[in-house]
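Novice: To start, I am sharing the structure in question, which I have written as structure tokens.
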Amino acid sequence: MSSDASGMDSAFKALADPTRRLLLDRLREQNGQTLRELCEHLDMARQSATQHLDILQRANLVAVVRRGRERLHYLNPTPIHEIEQRWISSFDKPRLQAISAIKNQAEEYAMTTEPTPVPTYVYTTYIRASAEQVWQALTDADLTARYWGHANVSDWQPGSSWEHRRVDGSGVVDVVGQVIKVEPPTRLVITFDDVPDPEAPREPSVVTFLVEPHHDIVRLTVTHENLANLEMLGGISRGWPAVLANLKSLLETGDVLPQAPWEMSPAHT
């Protein structure tokens, strides 16, 4: 059985249990909850909730990020997206999208005018590489230029600035930020400002790269917090999977994907 089929089997088995689906619903409503916060909404002992969360984590449906002594749980949409791509997209996606649009519009009319908080975005991928190789891929300008189409330029010292610079010869910088925390080769925290405007400044978002080695592979978790709006969430939800797929291909095969994944039209994503 292929690893993709095995992973999809694990996702289906994890989703078969209504309690686990309820846990995913709770994370969809508010991402980044501790075990205590999740148990507050469930008539369930902490031990039982932990067992369900372990199954969801093994199925890659939940990613766990440590922050001090706390373990924060995040919904990882990747396996569900893969199920959607295999079982829905190729059959009747236009009709389903139309139905979904009608449903969403109806729900928007029913909602209050209160602003909706923008959830934190978390993406987890597994790469056959060492932690040092992944760290170099994240911080080396030449390597980022290969898999990202931009060179990430910095000395990567805490407090230093960094630039996301185009490599088409224009020298245009599309994203700027500051290096917050550097713990090679396992943790890098940066601010991320994709629309720097001195006349209308806003608080930048924050990106954390967590590199967790295990034997011959690495689990790379990207957490993107403090997002400005839902439009930005939509953009990075398409961007991060494409960039990290290219990074994974480069480290595992020595070359990036044959076509830049972010150039795929919406009909194919």
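Those letters in the sequence shown? Residues 83 to 351, by my numbering.
Each residue gets a CB set at the ideal place from its N, CA and C atoms; glycine is no exception.
If you're wondering where the values come from, they're calculated on a predicted model, not measured in any experiment.
1. Distance check for Val289 and Val261, CA to CA, integer angstroms please.
2. Exposed or buried, which one is Ser242 when buried takes at least 16 other CB atoms within 10 Å?
3. With burial defined as no fewer than 16 other Cβ atoms inside 10 Å of the residue's Cβ, what is the status of His155: buried or exposed?
4. Could you check the C-alpha separation between Glu357 and Asn328 for me, to the nearest Å?
5. In terms of residues, what are the limits of the alpha helix (DSSP H) holding Glu122?
6. Count the other C-beta atoms from every protein chain shown that fall within 10 angstroms of the C-beta of Ser130, then say buried if there are 16 or more, exposed otherwise.
7. Find the nearest neighbour of Thr207 within the set Phe274, Arg148, Pro323, Arg151, judged by alpha-carbon distance.
8. Going along the chain, which residues of its own chain have a beta-carbon closer than 7 Å to the beta-carbon of Asp275, five neighbours each way excluded?
9. Going by C-alpha to C-alpha distance, which of Ile209, Glu214, Gly253, Arg148 sits closest to Arg301?
10. Give a yes or no on whether the C-beta atoms belonging to Ala141 and Pro161 are separated by under 8 Å.
11. With distances taken from CA atoms, which of Gly231, Trp244, Lys263 is nearest Ser252?
12. Under a three-way DSSP split, which group does Ser287 fall into?
13. If you follow the beta strand (DSSP E) that Trp244 is in, where does it begin and where does it stop?
14. Straight-line CA distance for Arg148 to Leu339?
15. Take Met346 as the anchor and find which of Arg320, Lys330, Arg284 has the nearest alpha-carbon.
16. Where in the region 274-345 do unbroken runs of the beta strand (DSSP E), each at least 3 residues long, occur, reported from the N-terminal end onward?
17. Where DSSP assigns a beta bridge to Thr160, which residues make up the other side?
18. Around the Cβ of Phe94, are there at least 16 other Cβ atoms within 10 angstroms (buried) or fewer (exposed)?
19. Would you please state the rounded distance, in angstroms, between the beta carbons of Tyr203 and Ile318? I believe it to be under 8 Å.
20. Buried or exposed: Arg284, going by 16 or more other Cβ atoms within 10 Å of its Cβ?
21. Between Leu97 and Leu157, which are expected to be in contact by the criterion C-beta below 8 Å, what is the C-beta distance as a whole number of angstroms?
22. Would the beta-carbon of Leu124 fall within 8 Å of that of Gln115?
23. If you draw a straight line from the alpha carbon of Leu292 to that of Gly150, how long is it in whole angstroms?
24. Any idea what DSSP makes of Thr206, helix, strand or coil?
Specialist: Short version:
1. So the two alpha carbons sit approximately 10 Å from each other.
2. With fewer than 16 neighbouring CB atoms inside 10 Å of its own CB, Ser242 falls in the exposed class.
3. Buried, because 16 or more other Cβ atoms sit within 10 Å of the Cβ of His155.
4. Missing from the structure shown is residue 357; the chain here goes from 83 to 351 and no further.
5. Per DSSP, Glu122 is one residue of the alpha helix (DSSP H) stretching across 117-122.
6. By the neighbour-count rule (16 or more Cβ atoms within 10 Å), Ser130 is not buried but exposed.
7. The option with the nearest alpha carbon to Thr207 is Pro323.
8. Closer than 7 Å at Cβ, skipping near neighbours: Val257, Val258, Gly259, Pro286.
9. Minimum Cα distance to Arg301 is reached at Ile209.
10. Going by C-beta atoms, Ala141 is nearer than 8 Å to Pro161.
11. Considering only alpha carbons, the answer is Gly231.
12. It is a strand residue.
13. 243-248 is the span of the beta strand (DSSP E), which, as asked, contains Trp244.
14. Taking the CA atoms as reference points, Arg148 sits about 32 Å from Leu339.
15. That would be Arg320, whose Cα lies nearest to the Cα of Met346.
16. DSSP runs (the beta strand (DSSP E)) wholly in the region 274-345: 287-296, 299-307.
17. Answer is none; Thr160 lacks a bridge partner.
18. Phe94 comes out exposed.
19. That belief holds up - the Cβ atoms of Tyr203 and Ile318 are roughly 6 Å apart, short of 8 Å.
20. With fewer than 16 other beta carbons inside 10 angstroms of its own, Arg284 counts as exposed.
21. Not really, about 12 Å apart at Cβ, beyond 8 Å.
22. Against a cut-off of 8 Å, the Cβ pair of Gln115 and Leu124 comes out as no contact.
23. The alpha-carbon atoms of Leu292 and Gly150 are separated by roughly 14 Å.
24. Taken through DSSP and simplified to helix, strand or coil, Thr206 comes out as strand.
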